[in-house]
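382 is the number of the first residue of the sequence shown in our numbering; add one for each residue after it. All residues carry an ideal CB built from backbone N, CA and C; glycine is no exception.
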Amino acid sequence: MTHQDVAAALRRRLADVQADIARLETATTQPLSPKFADQSGDLEALATNEGREVQQIHEADQIVAALARIEAGHYGVCDMCGAEIAPARLAALPTATRCIACAA
Ligand SMILES: [Zn+2]
Numbered sequence: 382m383t384h385q386d387v388a389a390a391l392r393r394r395l396a397d398v399q400a401d402i403a404r405l406e407t408a409t410t411q412p413l414s415p416k417f418a419d420q421s422g423d424l425e426a427l428a429t430n431e432g433r434e435v436q437q438i439h440e441a442d443q444i445v446a447a448l449a450r451i452e453a454g455h456y457g458v459c460d461m462c463g464a465e466i467a468p469a470r471l472a473a474l475p476t477a478t479r480c481i482a483c484a485a
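As structure tokens, this is what we get:
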């Protein structure tokens with residue numbers, strides 16, 4: 382995969398994540414059920430959705446950062462030691478910023 386292929390895949394993933402964030406944002410701003418008996422379920426769903434939204438926002442940030450590294454021409458280079466990040470690692474984790482040795 383070239384870096385341009387990676388960028389295209391990351392942009393698709395970013396669009397999905399952003400759509401999910403928008404959906405979760407709508408879900409978490411709904412009013413609680415009028416019936417008290419339903420509210421504990423609502424609150425549980427709210428906590429789940431908010432947790433998920435935080436994760437998705439974090440992922441979106443990482444994708445944006447990875448796209449910036451591709452643009453800048455230093456994608457796949459370890460932040461810590463400057464070594465090349467193994468292609469297998471990038472394939473598994475395209476937003477990785479550190480080589481396996483530095484990530485440990
Ligand atoms: Zn490293």
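Residue i and residue j closer than 8 Å at C-beta
i      : j      : result
Ile451 : Val387 : yes
Ile438 : Leu391 : no
Ala467 : Cys480 : yes
Arg433 : Leu413 : no
Gly454 : Glu465 : no
Any non-hydrogen atom of ligand 1 closer than 7 Å to residue i Cβ
i      : result
Met461 : yes
Arg470 : no
Arg450 : no
Ala441 : no
Residue i versus residue j - alpha carbon distance
i      : j      : result
Asp442 : Thr476 : 10 Å
Gln385 : Leu471 : 14 Å
Integer Cβ distance of residue i from residue j, believed to fall under 8 Å
i      : j      : result
Thr409 : Glu431 : 6 Å
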